[in-house]
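Counting along the sequence shown from 1, when you hit position 111 you're at 118 in this note's numbering, and nothing is skipped either side. Only one structure is covered here, and it is reproduced in the block below.
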Amino acid sequence: MEQKPDFSFHKSERLCSKRIIDALFAGGSKSMSAFPLRVVFMPVPVEAPAPLVSILVSVSKRRFKRAVKRNRVKRQIREAYRKQKHILTSVLPTSSGQGLVVAFLWLSDRLYASAEVDDCVRRLLVRISEQLPASPDEHTDDASAL
């Protein structure tokens, strides 16, 4: 019997560690864009009780001066991720000890409808899942082929 996807967004799934955030933006990470969002992601080792995927949502004060608009955009992104996160969690093997850190960055100066944000987040998550290795042994297979 297949396990149903978890459509909740727990506090533990939020990325709060300054050390990990600095490492995410310093280097060793990959990024891609699907306007109005840019996503930066990096694989990280995780312990058993920690979630497989942690996310960060950022909306620049330069784009929206009013906090109400920034909060609305962040809420839309979190909601879209909550509904679509099964795309990533189904690809990541739970036994490998590898997790993923993802940062969503807002690029546009205008507000979008929630359906458009949902579609954008879904496209980005699909592209991330395609770039992730299918199994933890995939890296060793590539190295031995050389």
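All residues carry an ideal CB built from backbone N, CA and C; glycine is no exception. Small disclaimer: the values here were computed from a predicted structure and weren't measured.
In the DSSP assignment, what are the bridge partners of residue i?
i, result
"residue 48", "37 and 109"
"residue 63", "110"
"residue 21", "62"
Are residue i and residue j close, meaning C-beta to C-beta below 8 Å?
i, j, result
"residue 82", "residue 113", "no"
"residue 106", "residue 57", "yes"
"residue 154", "residue 60", "Nothing can be reported for residue 154, as the shown portion of the chain is limited to 8 through 153."
Rounded to a whole number of angstroms, what is the C-alpha to C-alpha distance between residue i and residue j?
i, j, result
"residue 23", "residue 34", "18 Å"
"residue 40", "residue 29", "20 Å"
"residue 37", "residue 21", "19 Å"
"residue 135", "residue 91", "12 Å"
"residue 138", "residue 99", "11 Å"
Measuring alpha carbon to alpha carbon, tell me which residue in the options is nearest residue i.
i, options, result
"residue 78", "65, 51, 110 and 107", "65"
"residue 76", "117, 26, 25 and 108", "117"
"residue 93", "131, 53 and 27", "131"
"residue 127", "31, 14, 44 and 12", "44"
"residue 62", "72, 80 and 49", "49"
Which residues bound the alpha helix (DSSP H) around residue i?
i, result
"residue 127", "121-138"
"residue 82", "74-91"
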